[in-house]
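If you want our numbering, it's the 1-based position in the sequence shown plus 9. Below is one structure, written out as structure tokens, with a few remarks after it.
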Amino acid sequence: NDKAKHIWVVKQIFLWFKPVAISFFIVEKIIDSNNMSGPDPKTAKTIYEFTVKDTHGNEVSLEKYKGNVVLVVNIASQCGLTKNNYAKLTTLLEKYEEKGLRILNFPCNQFNSQMPEADGEAMVCHLRDAKANIGDVFQKVDVNGSGAAPLYQFLKHRQTGTLGSSIKWNFTKFLVNKDGVPVDRYAPTTDPMDIAKDIEKLL
């Protein structure tokens, strides 16, 4: 009867282990699926391979910007650079939008928590109150660290900047040509209007 008890114990262990094993298998498949769903930032060729989310969580393929010159900026609402950058980005877009310039803005709260606004209507209200017509605004992202948005991993890989590839502060800017290839990177302190000559060469 000890043998019967042993068999019963083994069966109980199996009955417990089976759903756990299945759960691990399912989770592993989900992780693999998620990893395969997007491009590898280190081997991707253009921004068109990436999908981002707007402020309401809707997916946006960057293929929609094919044929445009694109400026990608990580923005913040409470930074010392905010007022000038909002004003100059607005001017830049007014001057070159009809010629094909698009500005993609990604709110980021990684630098001294200077972008506290939530996604959605709060972000829309903030930009409206700031009178900032700065282009398309997307969901808040991380630009550094293991959780950095894949697009930013790609941009940093292609344009490493100085003193390492990490984003140093709010309003770092990446210039992307009409083929979707990042061609330049500008420091947070670079005035947007100082990029105008480089934009004109690409339009």
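The beta-carbon is built from N, C-alpha and C at its ideal position, and this holds for glycine as well.
Quiz item: Within this structure, are the beta carbons of Asn-114 and Ile-143 separated by less than 8 Å?
Solution: In this structure, Asn-114 places its C-beta atom within 8 Å of the C-beta atom of Ile-143.
Practice problem: Measure the Cβ-Cβ separation of Thr-55 and Gly-189 and say whether it is below 8 Å. | Solution: The Cβ atoms of Thr-55 and Gly-189 lie closer than 8 Å to each other.
Quiz item: Can you list, in chain order, the residues of its chain whose CB lies under 6 Å from that of Val-9, leaving out five sequence neighbours each side?
Solution: Only positions 10 to 212 of the chain appear in this structure, which leaves residue 9 out of reach.
Practice problem: Look at the Cβ atom of Ala-158, then the Cβ atom of Val-146, and state whether they are nearer than 8 Å. | Solution: No, these two residues do not count as a Cβ contact at 8 Å.
Quiz item: For Ser-112, does the three-state DSSP call read helix, strand or coil?
Solution: Note on identity: in this sequence residue 112 is Ile, with Ser being the wrong assignment. Strand, per DSSP.
Quiz prompt | For Gly-66 and Tyr-218, the rounded distance between their alpha carbons | solution = Summary: the structure shown does not reach residue 218, with the chain confined to residues 10 through 212, and so no result is reported for it.
Practice problem: List the residues that DSSP assigns as beta-bridge partners of Thr-100. | Solution: None; Thr-100 has no bridge partner.
Quiz item: Who does Glu-68 pair with in a DSSP beta bridge?
Solution: Within the DSSP bridge table, the entry for Glu-68 names Lys-62 as partners.
Quiz item: Between Lys-104 and Phe-163, what straight-line distance do the alpha-carbon atoms span, to the nearest angstrom?
Solution: Straight-line Cα distance between these residues: approximately 28 Å.
Self-check item: Alpha carbon of Cys-88 to alpha carbon of Lys-75, nearest angstrom
Solution: Answer to the nearest angstrom: the Cα atoms are 31 Å apart.
Self-check item: Beta-carbon contacts of Ala-139 that lie in its chain and below 6 Å, excluding the five residues immediately before and after
Solution: Take Ala-139, set aside five residues on each side of it, and the residues of its chain with a beta-carbon closer than 6 Å to its own are Tyr-95, in chain order.
Self-check item: Collapsed DSSP secondary structure at Asp-207 in the structure displayed
Solution: In the three-state DSSP reduction, Asp-207 falls in the helix class (H, G or I).
Self-check item: Run of the beta strand (DSSP E) containing Leu-184, from where it starts to where it stops
Solution: Taken as a continuous stretch (DSSP letters only), the beta strand (DSSP E) holding Leu-184 covers 182-185.
Quiz item: Could you check where the beta strand (DSSP E) with Leu-80 kicks off and where it finishes?
Solution: Taken as a continuous stretch (DSSP letters only), the beta strand (DSSP E) holding Leu-80 covers 78-84.
Quiz item: To the nearest angstrom, how far is it from the Cα of Gln-123 to the Cα of Leu-24?
Solution: Taking the Cα positions, Gln-123 is about 52 Å away from Leu-24.
Quiz prompt | Nearest to Asp-49 (by Cα), restricted to the options His-166, Lys-206, Leu-90 and Leu-110 | solution = Closest by alpha carbon: His-166.
Practice problem: Measure the C-alpha to C-alpha separation of Gly-109 and Ala-205 and round it to an integer number of angstroms. | Solution: C-alpha of Gly-109 to C-alpha of Ala-205: approximately 13 Å in a straight line.
Quiz item: In chain order, which continuous runs of the alpha helix (DSSP H) of length 4 or greater are located wholly inside the region 151-191?
Solution: With a minimum length of 4 residues, the continuous alpha helix (DSSP H) runs that stay inside the region 151-191 are 159-167.
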